[in-house]
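Counting from 140, one number per residue, gives the positions in the sequence shown under the working numbering. Ideal placement from N, C-alpha and C gives every residue a C-beta, glycine not left out. Small disclaimer: the values here were computed from a predicted structure and weren't measured. Since the structure comes first, as structure tokens, the remarks are kept for the end.
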Amino acid sequence: MMRSLVQATLVFVVLTMPAPPAKAQSQPQTTVEPASLMTTPVYLFQGNRQISQGTGFFFGIPNASNVIDTVFLVTNYHVVTGNSPNTTLSAKGDRVVFYLHIDQQDPSRVKQVALPLYSTAGVPRWVQSEDHPDADLVLVPLPPESYEGIAMFVFDESHTRGKITIRPTSPATLLGYPYGFSDTVNRLPVWKTGHVASEPNVDFQGKPSFLVDVSAFPGMSGSPVLAVANGVYEDDRGAMGMGRVIRLLGVFSAMPVMRSDIPGQPDTSLELGIVWKSALIVELARTYRR
């Protein structure tokens with residue numbers, strides 16, 4: 140059970156924590172954004188055969204002592220099954236492979252994790268929304284042995300409440316691996332920025348989602364979507380703030396395609412992507428703990 144996580148030897152680093160003191164060394168330290176270390180490519184396998192590749196990120200929730208002791212891999216339903224949500228199609232894979240960064244100063248040091256997606260009885264190991272069965276979002280709880288002794292980098296609920304106002308046209312940044320392209324030596328994602336394209340405080344089509352206008356590609360499904368401010372920004376009170384702010388807005392899912400009714404006419408991409416809101420991630424994580 141994931142509740143045994145509290146017994147593991149763990150250290151979690153989140154964006155709001157100060158950096159550790161610098162240590163003397165022969166070469167300058169590498170500065171890597173923690174959000175990059177919280178993101179991983181996710182490979183779906185059936186046996187030893189790779190089926191597809193997407194993106195995921197790590198999200199943690201605290202225990203009663205306010206210490207993060209439960210960690211999830213957050214990604215899309217279609218990344219772990221190969222199918223759209225709320226369908227009866229058979230899953231195309233039985234496990235996922237992803238990476239944990241071990242050292243912030245040397246991002247090339249990673250641990251590969253292969254995680255079975257189903258129990259021996261064939262029950263999925265992930266958590267998904269019962270209220271929104273078509274939400275393309277799953278949280279896969281990580282067993283403690285997969286990261287014991289590793290100083291993991293994780294998003295938490297505080298990152299969903301960053302003091303920055305989000306409006307239509309606000310910048311929105313996706314961290315992912317388009318067509319698998321990225322820094323494969325260091326397993327670091329590509330940062331691609333677009334803009335919020337619908338009212339972020341209104342559920343698009345009545346679902347806990349909103350749209351982004353961004354150039355995204357296969358392999359970026361499951362990307363964390365961030366609001367990032369460097370310098371002056373509008374805070375949550377409508378006043379001007381200054382500094383570095385990162386807010387987790389949700390998880391990127393897919394880009395709808397307009398199907399043509401005319402024979403021979405190609406389908407059209409609107410270059411609009413669906414983002415499932417971070418509030419749904421928090422809700423699922425809390426439900427799992429209860």
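As DSSP reads the structure, Asp352 sits in a beta bridge with His334 and Leu411.
Inter-residue distance for Gly389 and Glu287 is about 27 Å (C-alpha atoms, whole angstroms). The residue from Val249, Ser362 and Ser175 with its alpha-carbon nearest to that of Met394 is Ser362. Separation of Ala174 and Phe198 (C-alpha to C-alpha, rounded to the nearest whole angstrom) is 11 Å. The three-state reading of DSSP puts His298 in helix, counting H, G and I together. Excluding sequence positions up to five before and after Phe294, its CB lies within less than 6 Å of the CB of Met177, Phe198 and Leu387, all in the same chain and listed in chain order.
Taking the C-beta atoms as reference points, Ala424 is found no nearer than 8 Å to Phe237. In the three-state reduction of the DSSP assignment, Gly382 falls in the strand class. Between Gly380 and Tyr316, the C-beta spacing is not below 8 Å.
Ranked by Cα distance from Ser268, the options Gly261, Glu172 and Val277 are led by Val277. Taken in chain order, the complete beta strand (DSSP E) segments of 3 residues or longer contained in the segment 228-292 are 234-240, 249-255, 277-280 and 290-292.
DSSP places Ile420 within a helical segment (H, G or I) once states are collapsed to three.
Judged by DSSP in its simplified three-state form, Ser191 adopts strand.
Residue environment analysis places Ala253 among the exposed positions, since fewer than 16 neighbouring C-beta atoms fall within 10 angstroms of its C-beta. In terms of CA proximity to Ser360, Leu314 leads the group Asp352, Leu314, Ile401 and Asp342.
Per the coordinates, the alpha-carbon of Ala355 lies some 28 Å from the alpha-carbon of Arg264.
CA-to-CA, the gap between Ile190 and Ser408 works out to about 24 Å. Within its own chain, the residues whose Cβ lies closer than 7 Å to the Cβ of Tyr257, once the five positions on either side in sequence are excluded, are Asp233, Pro263 and Arg264, listed in chain order. Residue range Pro173 to Leu176 is occupied by the alpha helix (DSSP H) that includes Ala174, with no beta strand (DSSP E) assigned at that position.
Of the other Cβ atoms in all chains shown, fewer than 16 fall within 10 Å of the Cβ of Ile401; this residue is therefore exposed.
Taking 8 Å as the cut-off, the Cβ atoms of Asp374 and Thr304 count as close. DSSP, reduced to helix, strand and coil, places Val218 within a helical segment of the structure shown.
Taking a 10 Å sphere around the C-beta of Arg188, we find fewer than 16 other C-beta atoms and assign the residue as exposed. Residue range Pro363 to Glu373 is occupied by the beta strand (DSSP E) that includes Tyr372. If you look at Ala203, you'll find it isn't in any beta strand (DSSP E); DSSP assigns it neither H nor E.
Note that the C-beta distance between Ala311 and Val335 is below 8 Å. Apart from sequence neighbours up to five positions away, the residues of its chain that approach Ile241 with a beta-carbon distance below 8 Å are Arg248, Val249, Lys250, Ile289 and Ala290, ordered along the chain. Under the three-state reduction of DSSP, Phe320 is assigned to coil, being neither helix nor strand.
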